[in-house]
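Scroll down for the structure; my scribbles are underneath it.
In the numbering used here, the protein residues as written are 10 to 127.
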């Protein structure tokens, strides 16, 4: 399976791993088919995501997608983050093998849950 340089970079050096001291919102999602699990913690100030942390147990695509997602949403408003689509995430990764696209959905599900809880 061939992954883009962006996917390989985010997999080998994932960004924003860990926990926030006091998150304003937390989202969790699990891909039942593959077992991928994603937790996102958000710090939100005046409607803007000022910090984000992640914990992921999953495949290359799940880890890379979540890592990139944390970079894409940091500094965005809650409504801008909510508008992030699977297509945008996949394009930002430089594409994913078709059988791994579903793995990128797990982080979007976790994000949507966190935003619903904010």
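Each residue gets a CB set at the ideal place from its N, CA and C atoms; glycine is no exception.
Small disclaimer: the values here were computed from a predicted structure and weren't measured.
Integer Cβ distance of residue i from residue j, believed to fall under 8 Å
| i | j | result |
| --- | --- | --- |
| residue 57 | residue 79 | That pair is no contact at about 15 Å. |
| residue 16 | residue 120 | Contact flag wrong, Cβ pair sits at about 18 Å. |
| residue 128 | residue 46 | In the structure displayed, the chain extends from 10 to 127; residue 128 sits before or after that span and is not available. |
| residue 71 | residue 99 | So it is not a contact: roughly 13 Å between Cβ atoms. |
Euclidean distance between Cα positions of residue i and residue j
| i | j | result |
| --- | --- | --- |
| residue 84 | residue 32 | 15 Å |
| residue 82 | residue 124 | 11 Å |
| residue 93 | residue 36 | 15 Å |
| residue 13 | residue 29 | 30 Å |
| residue 69 | residue 20 | 6 Å |
| residue 22 | residue 102 | 14 Å |
Residue i, DSSP secondary structure in three states
| i | result |
| --- | --- |
| residue 51 | strand |
| residue 62 | strand |
| residue 94 | coil |
Endpoints, beta strand (DSSP E) assigned at residue i
| i | result |
| --- | --- |
| residue 1 | What the structure shows of the chain is the stretch from 10 to 127, and residue 1 is not part of that stretch, so it cannot be assessed. |
Residue range of the unbroken alpha helix (DSSP H) whose run includes residue i
| i | result |
| --- | --- |
| residue 115 | 110 to 125 |
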